[in-house]
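As given, the protein sequences belong to chains A and B, one line each in that order.
Okay, so the first sequence: first residue is 1 according to the UniProt record's numbering, each after it adds one.
Okay, so the second sequence: first residue is 1 according to the UniProt record's numbering, each after it adds one.
For each residue, glycine too, the CB sits at the ideal point set by N, CA and C.
Remarks on the structure that follows.
There are 2 protein chains.
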Amino acid sequence: MIEDKNQQRTDLSTLGEFGLIDHLTKNFKINHTSTVKSIGDDAAVLNFEKKKIVVTTDLLVEGVHFDLSYVPLKHLGYKSVVVNLSDVYAMNAKATQITVSVAVSNRFPLEALEDLYAGIETAAKLYNIDVVGGDTSSSTKGLIISVTAIGELEKDEEVYRAGAKPNDLLVVTGDLGGAYMGLQVLEREKEVFKVNPNNQPDLDAYSYIIERQLKPEARQDIVKLLADLEVKPTSMIDISDGLSSEVLHLCKHSDVGCDLYEEKIPLDPVVISSCEEFNIDSTMVALNGGEDYELLFTISQDDFPKIKANPNLTIIGHIREKEAGAHLVTRADSRIPLKAQGWKNFES
Amino acid sequence: MIEDKNQQRTDLSTLGEFGLIDHLTKNFKINHTSTVKSIGDDAAVLNFEKKKIVVTTDLLVEGVHFDLSYVPLKHLGYKSVVVNLSDVYAMNAKATQITVSVAVSNRFPLEALEDLYAGIETAAKLYNIDVVGGDTSSSTKGLIISVTAIGELEKDEEVYRAGAKPNDLLVVTGDLGGAYMGLQVLEREKEVFKVNPNNQPDLDAYSYIIERQLKPEARQDIVKLLADLEVKPTSMIDISDGLSSEVLHLCKHSDVGCDLYEEKIPLDPVVISSCEEFNIDSTMVALNGGEDYELLFTISQDDFPKIKANPNLTIIGHIREKEAGAHLVTRADSRIPLKAQGWKNFES
């Protein structure tokens, strides 16, 4: 599906490990005063003065977390950074540094790694992140990317999964289900391509959901918005595995129940129309689709006036006592217990 | 070679991601006051007060960095932590936290991951490290481990690769070449085992070098020793790729040359005897063997009285002006330019 217009293939062995990492990261800029020493020593040195920090890490494996038959390497580099930053923002922190480790089999030429790192660099620039460490090595099969992200916290601004209280409002950013439906479109086109490699798909109508899948964004803006609105969520998590799974995490960690209203779940028109086309229930997609990288949080009802009518935020339910359980309240007003079905990587 | 005495095989899908990471890390203890929030949220929260920190990361891939036909999983877990801590100590820092991400194919049962995490836990206990994050996911092939280590620095105590000055002494800890010779013994036994699986090898004579390969230690003690001796190295690096490669790194980063004396290179008697047995030159093994995880550093000549006669430290040469180049001075008193041959992962 993705035509390789880059005919040049430079073997990785021509550079060796040290030449390679120097080459790939030579344009990376350092912007944060907290970065004392970046790539090029045994470890990076960082100085956050008195600030607390957050640390999160993710490992992405070809064939499990991404499919290079329809994911351009530049997008993959970008996404591998973004999914980690999303975890930093979910702590109500400001992302500042990342390290990136990459392992590739010898089927990848230098130009492929250059594309991957171009995506990493683009994300680093846009989110104002210093790339302070990492390495490259070989793998026996496929591409493996490990990113660790570090962020800094203003004094006591961290927000955990625990902290939601009965009567708190349940709020979600953006809209849901787009990344999953984008994946369905890409998988379908992959099958079409297998049958007819000359077919040129017209994907314009799906561009929003395809972008949600291939080039998601992390909600850096929400951390700033909440600070500007002087709202500190009582609990927060990012939506990587689907709304249902994340609501259950908040409830479990906070020792509470909740009512989630089906009619309130924010859906983009393209998600709705593609769900109709694929004959999938859009609520199921929003609940279990995953990879939306929106933020889910709870706020005290006292903060309602500060967030109401904000186009970035949708109130989708409220927290209840633990004994009430966690339920989806359907449009037909029936109550269905929420189940986590998002994460299927170990099921085969 | 390694008999699987553990007959129980529990499929990973019985736990799912969240149950799995909870299960594997449930015995992990938190000891550092700098660990505010450990595993179980979107990110760990750490508080180093005014201290600077160091961050380093490594990605280990089955078939490239380790061979499970002779590496027990518990040892592998231990080693994957130690190799990262070694980078922290090479900055003259105190290691405090790690995150661990693991991806495994479905050929691994739960019991295999329990062994791996038992090794991680053992290393964390011995080196007094909090395991504060990480995840598990599936891979399409083999085992992949990514560890990020964090350490803290007392005010301005960091030591870089840059900083060595002409006339500084070049010092190495412990002895060299053991890990490489241990690997040679294990590779030989693997070949023997392929021919005769009932052969019970007697590896007692090689136990020192096999342990250097399978269960290396990081020189935490040296950071403390140097502080006690009130010696701050002018430059430092850990020896992961072989002495030759690391000396060249120090010279390049410090913009200096050096003379390294062959007769001074510390070798264990078992390394010498196994080199004779395998008909390999022991100096070549020490220069290019790698994986010894000793520390290489330079000190001002003024500090010589503080370190002399210390059994942990060997002076193996001295720094010269850049124009003099970097040379090995042989026992026959000839000068051979040093070459980095240690890292061959991209050569096939």
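Any beta-carbon of chain B closer than 8 Å to the one on Asn47(A)? yes
Alpha carbons only, please: which of Asp202(A), Tyr160(A), Ala93(A), Asp221(A) is nearest the one belonging to Thr298(A)? Tyr160(A)
Expected contact under 8 Å - CB spacing of Pro266(A) and Thr314(A) to nearest Å: 5 Å
Neighbour list for Ala44(B) in chain A, Cβ cutoff strictly below 8 Å: Val54, Val55, Thr56
Please classify Gly342(A) as buried or exposed, where buried requires at least 16 other C-beta atoms within 10 Å of its C-beta. Because the pLDDT at Gly342(A) is just 46, under 50, the model does not fix this residue reliably, and the point stays unresolved.
If you follow the alpha helix (DSSP H) that Leu183(A) is part of, which residue opens it and which one closes it? 178-195
Would the beta-carbon of Lys190(A) fall within 8 Å of that of Ser69(A)? Contact: yes.
Below 9 Å on C-beta distance, what does Val256(A) contact in chain B? Correct list: empty, because the minimum Cβ distance to chain B is about 16 Å.
Cβ-based neighbour list, Gly63(A), same chain, cut-off 7 Å, excluding 5 preceding and 5 following: Gly142
In the region 147-161 of chain B, which residues sit with their C-beta less than 8 Å from some C-beta in chain A, listed in chain order? Thr148, Ala149, Ile150, Gly151, Leu153, Glu158, Tyr160, Arg161
Three or more beta-carbon pairs under 8 Å between the region 75-92 of chain A and the region 163-170 of chain A, yes or no? no
Should Asp333(A) be labelled buried (16 or more other beta-carbon atoms within 10 Å of its own) or exposed? exposed
Three-state secondary structure assigned by DSSP to Gly77(B): helix
Name the chain A residues that come within less than 7 Å of Val36(B), Cβ to Cβ? Near Val36(B) (Cβ distances below 7 Å), the residues of chain A are Lys52.
If you draw a straight line from the C-alpha of Leu15(A) to the C-alpha of Thr25(A), how long is it? 13 Å
Answer with yes or no whether the minimum CB distance from Lys141(B) to chain A is below 8 Å. yes
Using a Cβ-Cβ distance under 8 Å, would Asp130(B) count as near chain A? no
Rounded separation between Arg219(B) and Tyr89(B) - CA only: Here the C-alpha atom of Arg219(B) lies approximately 7 Å from the C-alpha atom of Tyr89(B).
Near Ala286(A), which residues of its chain fall below 7 Å by C-beta distance, leaving aside the five closest residues on each side in sequence? Answer for Ala286(A): Leu176, Gly177, Leu243, Ile265, Leu267, listed in chain order.
For Val81(B) and Gly133(A), which I take to be in contact (beta-carbon distance under 8 Å), what is that distance rounded to the nearest angstrom? Their Cβ separation, rounded to whole angstroms, is 17 Å, which puts Val81(B) and Gly133(A) out of contact at 8 Å.
Who are the near neighbours of Lys339(B) in its chain, counting only those whose CB is closer than 7 Å to its CB and skipping five residues on each side? Ser244
For residue 355(B), count neighbouring C-beta atoms within 10 Å of its own C-beta (all shown protein chains included) and say buried if the count is 16 or more, exposed if not. What is shown of chain B runs 1 to 348, which leaves residue 355(B) out entirely.
Partner residues on chain B for Gly63(A), Cβ-Cβ distance less than 7 Å: Per Cβ cutoff of 7 Å: Thr140.
Along the chain, where does the beta strand (DSSP E) that runs through Phe297(A) open and close? 295-299
Regarding Pro197(B) and the ligand GDP, is the C-beta to nearest heavy atom distance less than 7 Å? Absence of the ligand GDP from the depicted structure is noted, as is the absence of any ligand whatsoever, leaving it without description.
Compare the C-beta of Leu214(B) against all C-beta atoms of chain A and say whether one is closer than 8 Å. No, its Cβ sits nowhere closer than 8 Å to a Cβ of chain A.
Cβ neighbour criterion (16 or more within 10 Å) applied to Ser207(A): exposed
Examine the Cβ distances between the region 118-136 of chain A and the region 88-104 of chain A and report whether three or more of them are shorter than 8 Å. yes
Just curious, the beta strand (DSSP E) that Met236(B) is in, first and last residue? 235-238
For chain A, find out if any of its Cβ atoms is closer than 8 Å to the Cβ of Gly178(B); answer yes or no. no
Alpha carbons only, please: which of Glu114(A), Asn84(A), Leu116(A) is nearest the one belonging to Ile129(A)? Asn84(A)
Along chain B, which residues have their Cβ under 8 Å away from the Cβ of Leu59(A)? Ser101, Val102, Ala103, Asp135, Ser137, Ile144, Ser146
Taking C-beta pairs closer than 7 Å, name the residues in chain B that Ala90(A) reaches, listed in chain order. Asp42
Helix, strand or coil for Ala124(A), going by three-state DSSP, please let me know. helix
Do Val247(B) and Lys306(B) count as a contact pair if the criterion is CB distance below 8 Å? Between Lys306(B) and Val247(B), the CB-CB gap reaches or exceeds 8 Å.
Gly133(A) in three-state terms, based on DSSP: Correct three-state label for Gly133(A): strand.
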